[in-house]
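Asks: What follows is a structure written as structure tokens; I'll ask about it next.
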Amino acid sequence: LEVDDPEEELEVLMRLVVPDAVPPKVKVVARFGDVITCRIKRKDMEAVYASPLKFSIKAARYFGQNKVAAHVAPTTPAPVPPSGTTSEVILGVIDWGCDFTHPNFRHEDGTTRLLGIWDQSVTKKTGGLRPYGYGSFYSRAQINKALQSSQPFRTLQYHPAKADAAGIGAHGTHVLDIAGGNGRVGTAGMAPGAQLAFVHLSAGDTGGRANLGDSVRILEAIHFLQHLAAGRPLSINMSVGRHGGPHDGQTLVERAIDNFLEAVPNTMLCQSTGNYFTSNTHAAGSIRPGKSSRLPFFIHQADKTPNELEVWYSGKDVFDAVLRTDSIQIEVPLDNKKELINSDGLIVGRMYHRKKDPVNGKNHINIFLYPNAPPGQWEVVLSGRVVRDGRFNAWIERDTGARHNQARFLPHIVSYHTTTGTVCNGFNSLVVGAYDSHAQNFAFGPFSSMGPTVDGRCKPDLVAPGVRIVAARSAQRWHTTSKGALTIMSGTSMASPHVAGTVARVLELLPPGTPFHVIRNIILSSTDAVRTQEGARLGHGLLNAERALQYARRYVQSVTRLLPEAVVDNALISSN
């Protein structure tokens with residue numbers, strides 16, 4: 002029997018009542034306004050939770066990549082194009098697997114275009130990158146030294162194949178090339194002159210999960226990129242996602258991202274909206290007083306993974322909640338929790354019915370089914386005891402690995418609306434869906450998630466090419482360096498870096514001090530309109546990179562007419 006270590010430091014997200022007032026025994030790592038990432042010793046958690054300085058505490062949540070499919074297409078290197086002028090803009094990618102040896106991330110003289118790589122997945126008994134306390138940072142000088150060796154991956158002690166379990170190429174390498182590859186192999190990315198930075202995500206528990214990221218470490222990756230940029234313009238791409246959450250922009254991660262963008266000028270963060278349109282993992286409805294609603298879902302016989310289901314509904318309502326299958330049934334009243342026990346007396350799951358989440362005031366049903374839970378059809382039954390609103394939304398959490406690992410709602414209750422990812426429903430970032438740029442007539446990527454948010458806002462914000470995108474393929478695990486290969490992948494993960502790279506080009510033109518909303522307006526006002534019956538998947542339209550650059554130039558011209566001469570000179574210097 003394992004006993005929890007009272008001295009163990011837990012990675013936690015916290016929202017503070019007052020941004021500068023932190024509860025005792027809390028070690029702050031990264032600040033985003035009133036949201037912090039922090040470390041709390043297990044023995045102190047109860048006292049911190051009771052502190053009046055704490056508004057909300059959330060544990061880390063795991064995230065995966067938003068990718069659909071890949072097909073390997075190796076090529077020989079093309080003639081090297083003119084290198085152009087190196088930009089001062091930093092293009093940062095938060096993802097998995099960066100092949101720093103690929104020609105598209107190297108200058109003509111063979112040196113790296115990367116400012117650095119922070120590999121969060123490296124486990125060390127002591128140390129780690131400060132102030133985070135984990136992972137290894139590889140600087141530009143270290144990467145260049147490795148590139149001069151005959152075995153650069155071994156020299157740097159970082160191989161992109163650690164994030165390529167399927168052998169189809171690392172997700173992050175493909176994404177980075179779309180955003181900022183220089184075209185030494187294949188076609189140049191959207192911002193071929195940008196300076197690059199990469200964070201290889203991992204979860205706090207790296208045992209078996211080194212290819213995933215969690216919410217704490219995602220925010221600390223953003224914090225890291227901000228400090229690496231050191232005041233220079235920064236465009237960040239984050240193609241990660243999950244299904245669950247309230248989808249109202251009120252998670253602590255979304256709030257932190259919004260705070261970050263409001264506080265740091267000349268910065269934008271782009272996110273993929275998710276590939277969940279056809280996943281059959283969202284259901285929604287409305288309960289009348291005294292009536293019930295049934296939410297049947299199915300767990301495959303071969304599914305040996307945990308499963309999770311969430312229901313969110315108004316804090317003004319009181320629902321009765323029952324979870325049942327053929328052999329098990331439990332009822333959990335509001336503000337209670339219960340274990341799910343099978344006929345052998347074994348715990349196969351837990352069900353929580355939380356009252357008024359402190360962040361959004363909604364009631365929250367959270368069901369965890371363990372790998373030993375019986376497969377087959379399950380059902381959640383919601384009954385209206387006190388109904389003032391009646392509306393509810395339910396999501397089955399995303400699973401990884403084989404297709405049969407994903408539990409799904411039965412088709413007759415599935416809702417395709419509000420299938421956006423967990424942390425891409427905020428207010429300030431640019432959230433990107435996918436369309437098929439190869440189609441003769443406009444067509445969405447069949448997987449691309451649909452909005453709106455639960456509170457009715459437009460998400461995604463726009464769409465970009467995300468079907469059969471050709472970009473860099475990382476070296477395979479037995480390779481000592483890149484073979485200069487390309488691969489084809491599809492997903493909203495491929496759409497988002499098109500926008501992030503465009504943002505980087507826009508940032509090259511904008512004067513210092515440009516707020517996030519100007520950057521956002523330039524991108525969204527320059528989109529192409531299309532006619533579609535699925536406007537909730539389209540956002541404001543199709544990315545038009547050239548028009549975005551034109552609008553950025555117009556903005557600079559309009560600003561220079563209003564600024565004092567000295568400020569104008571600085572702005573022009575910065576944009577040249």
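Add 1 to a position in the sequence shown, counting from 1, and you land on the number used in my numbering. Each residue gets a CB set at the ideal place from its N, CA and C atoms; glycine is no exception.
1. Which ranges would you report for the beta strand (DSSP E) in the segment 109-137 if only whole runs of at least 3 residues count?
2. Can you tell me where the beta strand (DSSP E) holding HIS413 begins and where it ends?
3. Is TRP396 buried or exposed, if buried means 16 or more other CB atoms sit within 10 Å of its CB?
4. Within 10 angstroms of the Cβ of GLU221, are there 16 or more other Cβ atoms? Answer buried if so, exposed if not.
5. Kindly indicate which residue of LYS26, ASN145, ASP178 and ARG114 has the alpha-carbon position closest to the one of SER494.
6. By how many angstroms is the C-alpha of ASN260 removed from the C-alpha of GLN508?
7. So for GLN196, helix, strand or coil by DSSP?
8. Pick helix, strand or coil for ASN145, following the three-state DSSP scheme.
9. Would you report the Cα separation of ASN545 and LEU116, rounded to the nearest angstrom?
10. What residue range is occupied by the uninterrupted alpha helix (DSSP H) comprising HIS172?
11. With C-beta atoms as the reference, is SER497 less than 8 Å away from SER273?
12. Please list the terminal residues of the continuous alpha helix (DSSP H) segment that includes THR156.
13. Note down, in chain order, each residue of its chain lying with its Cβ closer than 6 Å to the Cβ of GLY192, except the 5 sequence neighbours on either side.
14. What runs of the beta strand (DSSP E), each 3 residues or longer, lie entirely inside the segment 477-507?
15. Can you give me the C-alpha to C-alpha distance between GLY134 and ASN429, rounded to a whole angstrom?
16. State yes or no: is the C-beta of ARG389 within less than 8 Å of the C-beta of SER293?
17. Comparing alpha-carbon positions, which option in ALA476, ILE523 and HIS413 lies nearest ASP462?
18. Is the distance from the Cβ of PHE393 to the Cβ of TRP313 below 8 Å?
19. Have a look at the DSSP bridge pairing and note the partners of LYS356.
20. Buried or exposed: which applies to GLY111, given that a residue is buried once 16 or more other Cβ atoms fall within 10 Å of its Cβ?
21. Just to confirm the assignment, what range does the beta strand (DSSP E) spanning THR561 have?
22. So, at 6 Å on beta carbons, what are the nonlocal neighbours of SER84 in its own chain, with the 5 sequence-adjacent residues on each side left out?
23. Can VAL254 be considered in contact with the ligand HEM, in the sense that its beta carbon sits closer than 7 Å to one or more heavy atoms?
24. How long is the line joining the alpha carbons of GLY209 and LYS305, rounded to whole angstroms?
25. Which one or two residues does DSSP pair with LEU463 in a beta bridge?
26. Report the three-state DSSP secondary structure of LYS305 (helix, strand or coil).
27. Using only alpha-carbon positions, find the residue among ASP5, PRO359 and PRO334 that is nearest to TYR353.
28. May I ask you to verify whether the segment 145-162 touches the segment 466-484, counting CB pairs closer than 8 Å and requiring at least 3?
29. Which residues in the same chain have their Cβ closer than 8 Å to the Cβ of VAL349, if we skip the five residues on either side of it in sequence?
30. For HIS224, which residues of its own chain have a beta-carbon under 7 Å away from its beta-carbon, when the five flanking residues on both sides are left out?
31. Rounded to the nearest angstrom, what separates ARG404 and ASN276 at their Cα positions?
32. Tell me the DSSP secondary structure of ASP259 in three-state form.
33. To the nearest angstrom, how far is the alpha carbon of GLY540 from that of TRP479?
34. Which one of LYS26, GLY377 and ASN367 has the shortest CA to CA distance from ASP327?
35. At the level of alpha carbons, what is the spacing between THR533 and LYS363?
36. Suppose the cutoff is 6 Å on Cβ atoms and the five residues either side in sequence are ignored; what does the same chain contact list for ALA147 look like?
Replies: In terms of the structure at hand:
1. Those beta strand (DSSP E) runs which fall completely within the segment 109-137 and span 3+ residues are 115-120.
2. From DSSP, HIS413 is part of no beta strand (DSSP E); its letter is neither H nor E.
3. Taking every protein chain shown into account, the CB of TRP396 has 16 or more other CB atoms within 10 angstroms, so this residue is buried.
4. Result: buried.
5. Selection LYS26, ASN145, ASP178 and ARG114 evaluated against SER494 yields ASP178 as nearest (Cα-Cα).
6. It is worth fixing the name first, because residue 508 is Leu in this sequence and not Gln. Between the alpha carbons of LEU508 and ASN260 lies a distance of about 20 Å.
7. GLN196 falls in the strand class under three-state DSSP.
8. DSSP, read as helix, strand or coil, puts ASN145 in helix.
9. In a straight line, the C-alpha of ASN545 is about 28 Å away from that of LEU116.
10. Boundaries of the alpha helix (DSSP H) harbouring HIS172: 172-181, taken from the DSSP string.
11. Against a cut-off of 8 Å, the Cβ pair of SER273 and SER497 comes out as a contact.
12. Run containing THR156: 153-157, per the alpha helix (DSSP H) assignment.
13. This sequence places Ala at residue 192; Gly is not what is there. Answer for ALA192: LEU92, GLY181, GLY502, ALA505 and ARG506, listed in chain order.
14. Inside the segment 477-507, DSSP marks whole beta strand (DSSP E) runs of 3 or more residues at positions 487-491, from first to last along the chain.
15. The straight-line gap from Cα to Cα measures roughly 29 Å.
16. Not a contact, by the Cβ cut-off of 8 Å.
17. If we check each option's Cα against that of ASP462, ILE523 comes out closest.
18. In this structure, TRP313 lies closer than 8 Å to PHE393 by Cβ.
19. Bridge partners of LYS356: none, in fact.
20. With fewer than 16 Cβ atoms within 10 Å of its Cβ, GLY111 is classed as exposed.
21. Counting along the chain, THR561 falls outside any beta strand (DSSP E), though it belongs to the alpha helix (DSSP H) covering 546-561.
22. Residue confidence is low: SER84 scores 33 on pLDDT, short of 50, so the model does not pin down where it sits. Its coordinate-derived value is still stated next. Counting only Cβ-Cβ distances below 6 Å, and skipping sequence neighbours, we find GLU109.
23. Among the components modelled here there is no ligand, and therefore nothing to report on the ligand HEM.
24. Confidence in GLY209 is poor, its pLDDT being 35 and thus under 50, which makes the residue's placement unreliable; the coordinate value appears in the next sentence. When only Cα atoms are considered, GLY209 and LYS305 end up about 15 Å apart.
25. Listed as beta-bridge partners of LEU463 by DSSP are VAL433.
26. Coil.
27. The alpha carbon of TYR353 has as its nearest neighbour, out of ASP5, PRO359 and PRO334, the alpha carbon of PRO334.
28. Between the segment 145-162 and the segment 466-484, the count of C-beta pairs closer than 8 Å reaches three or more; the two stretches touch.
29. Around VAL349, the same chain offers ILE329, LEU341, ILE342, ASN343, LEU370, TYR371, ASN373, ALA374 and PRO375 as residues with beta carbons nearer than 8 Å, after the five sequence neighbours per side are excluded.
30. ALA31.
31. Between ARG404 and ASN276, the C-alpha separation is close to 14 Å.
32. Reduced to three states, the DSSP call for ASP259 is helix.
33. Whole-angstrom Cα-Cα distance: 43 Å.
34. Considering only alpha carbons, the answer is GLY377.
35. Looking at the two C-alpha atoms, the distance is approximately 33 Å.
36. Taking C-beta separations shorter than 6 Å and ignoring five residues to either side along the sequence, the partners of ALA147 in its chain run PRO153, THR156 and LEU157, following chain order.
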